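Notes follow the structure.
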Amino acid sequence: MTDYSESFEKCPEVQAAYLEVLNLLTRLKCLQGTQITIGPEALAKYENSASALLKMEAALKVVYETAASGNVNKLRTHLLETLDRDINTANRMLETIPSAWEKSLNSRSRPALCTLYVEVCNTSTAPEARAQSILNLGALMNTMLLHHDAAELPDLAQLNNLWTLLCKGDINPIISCAVIETSGTIMATFASCYKDIIPDLRQRLRSWGDMIFHCLDVDNVS
Numbered sequence: 001m002t003d004y005s006e007s008f009e010k011c012p013e014v015q016a017a018y019l020e021v022l023n024l025l026t027r028l029k030c031l032q033g034t035q036i037t038i039g040p041e042a043l044a045k046y047e048n049s050a051s052a053l054l055k056m057e058a059a060l061k062v063v064y065e066t067a068a069s070g071n072v073n074k075l076r077t078h079l080l081e082t083l084d085r086d087i088n089t090a091n092r093m094l095e096t097i098p099s100a101w102e103k104s105l106n107s108r109s110r111p112a113l114c115t116l117y118v119e120v121c122n123t124s125t126a127p128e129a130r131a132q133s134i135l136n137l138g139a140l141m142n143t144m145l146l147h148h149d150a151a152e153l154p155d156l157a158q159l160n161n162l163w164t165l166l167c168k169g170d171i172n173p174i175i176s177c178a179v180i181e182t183s184g185t186i187m188a189t190f191a192s193c194y195k196d197i198i199p200d201l202r203q204r205l206r207s208w209g210d211m212i213f214h215c216l217d218v219d220n221v222s
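Residues in the sequence shown are numbered from 1 upward in steps of one, following my numbering.
Right, dumping it as structure tokens:
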């Protein structure tokens, strides 16, 4: 038994495989409402490992654990720290959040996740992370609109700042596609929730329509 324990402690690939199994069980909902947590010291060691695979699985474990506990603040801390040191791992976290948190969404977590996605767009210069955050934000906002949860949507200042950033910031194909896909949801939010306090709403909708029209032009479609 000691030999197995020493092998586990010394082999990052074995540790990564262990975390991958735990994450897979969570995804398949085989834990029946329970979760297997990892001590903060061990998790920190895994996240700082030289093994890219181990760091990835440790980061995904954080996503699943925070989803189970509903702790958006802990998720935010880990995600922003990961953005600074490993953009690929951070992007995998962003890709995983919607499915991992699907059953944990409520009136507190939805607005907090929206704020987190906006914060990533505002602070990160990585196109992949910004694009994934935009897509996550759009999908979550669309769900809130469909269920008439307008009070949980980002406020007008947040959306105005984000839209200005996206329109004036650096654009590449991946961000452009994410902006186009999410723009309809943002405009729907403007029109349905803030129509009485946006003086230039009609001009915004016209400009958005022009953008969509040009995006669908045959010369701009690959």
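Heads up, the beta-carbon is just placed ideally off N, CA and C, and yes, glycines get one too. In this text, all values refer to a predicted model and were calculated from it rather than measured experimentally.
With a CB to CB cut of under 8 Å and the five nearest residues on each side skipped, what residues in its chain are close to R92?
Cβ within range, chain order: M56, A59 and L60.
Does the distance from the CB of C121 to the CB of L162 come in under 8 Å?
Result yes, Cβ atoms of C121 and L162 sit closer than 8 Å.
At what residues does the alpha helix (DSSP H) containing E152 begin and finish?
No alpha helix (DSSP H) contains E152, which DSSP labels as neither H nor E.
Which runs of the alpha helix (DSSP H) spanning at least 4 residues fall entirely within the segment 73-159, listed in chain order?
If only complete runs of 4 or more residues are kept, the segment 73-159 shows the alpha helix (DSSP H) at 87-100, 109-123 and 127-146, in order along the chain.
Among S207, L54 and D149, which one has its Cα closest to the Cα of D86?
Relative to D86, the option among S207, L54 and D149 whose CA is nearest is L54.
Span of the alpha helix (DSSP H), counted from its first residue to its last, around I180:
Membership of I180 in the alpha helix (DSSP H) is indicated by the continuous run P173 to C193.
Taking 8 Å as the cut-off, decide whether the C-beta atoms of L145 and T115 are in contact.
No; because the gap between Cβ atoms is not below 8 Å, this pair is not in contact.
How should G138 be labelled, buried or exposed, when 16 other C-beta atoms within 10 angstroms of its C-beta is the threshold for buried?
The residue in question, G138, is buried, as its Cβ has 16 or more Cβ neighbours within 10 Å.
Can you tell me whether E128 is buried or exposed? The criterion is at least 16 other CB atoms within 10 Å of its CB, across all chains shown.
By the neighbour-count criterion, in which a residue is buried when 16 or more other Cβ atoms sit within 10 angstroms of its Cβ, E128 is buried.
Whose C-alpha, out of P111, E47, L83 and H147, is nearest the C-alpha of N71?
A check of alpha carbon separations from N71 across P111, E47, L83 and H147 identifies P111 as the nearest.
Decide if P12 is buried, meaning its Cβ has at least 16 other Cβ atoms within 10 Å, or exposed.
The residue is buried, with at least 16 neighbouring Cβ atoms inside 10 Å.
For my contact list, A90 and Y64 are in at a C-beta cut-off of 8 Å; report their separation, rounded to the angstrom.
Between Y64 and A90 the Cβ distance is about 16 Å, and since that is not below 8 Å, they are no contact.
Secondary structure at S51, three-state DSSP: helix, strand or coil?
If DSSP states are grouped into helix, strand and coil, S51 belongs with coil.
Pull up the CB-CB distance for I197 and L156, whole angstroms please, since I reckon it's below 8 Å.
The C-beta separation of I197 from L156 comes to about 7 Å, placing the pair in contact by the 8 Å criterion.
Expressed to the nearest angstrom, what Euclidean distance is found between the alpha-carbon atoms of H214 and G184?
Those two C-alpha atoms are separated by around 15 Å.
Identify, in the order they occur along the chain, each residue of the same chain with its Cβ nearer than 7 Å to the Cβ of E47, setting aside the five sequence neighbours on each side.
Answer for E47: K55, A58 and A59, listed in chain order.
Buried or exposed for N23, please, with buried defined as at least 16 other CB atoms from any protein chain shown within 10 angstroms of its CB.
Per the 10 Å Cβ criterion, buried.
Nearest candidate by alpha-carbon position, reference I38, set L19, N172, T123 and N142:
Checked all of L19, N172, T123 and N142; the closest Cα to I38 is L19.
Going by other Cβ atoms of all chains shown within 10 Å of its Cβ, with 16 needed for buried, is I212 buried or exposed?
Within a 10 Å sphere around the beta-carbon of I212 sit fewer than 16 other beta-carbons, which makes this residue exposed.
So, using beta-carbon positions, are V62 and L80 closer together than 8 Å?
Taking 8 Å as the Cβ cut-off, V62 and L80 do not qualify as a contacting pair.
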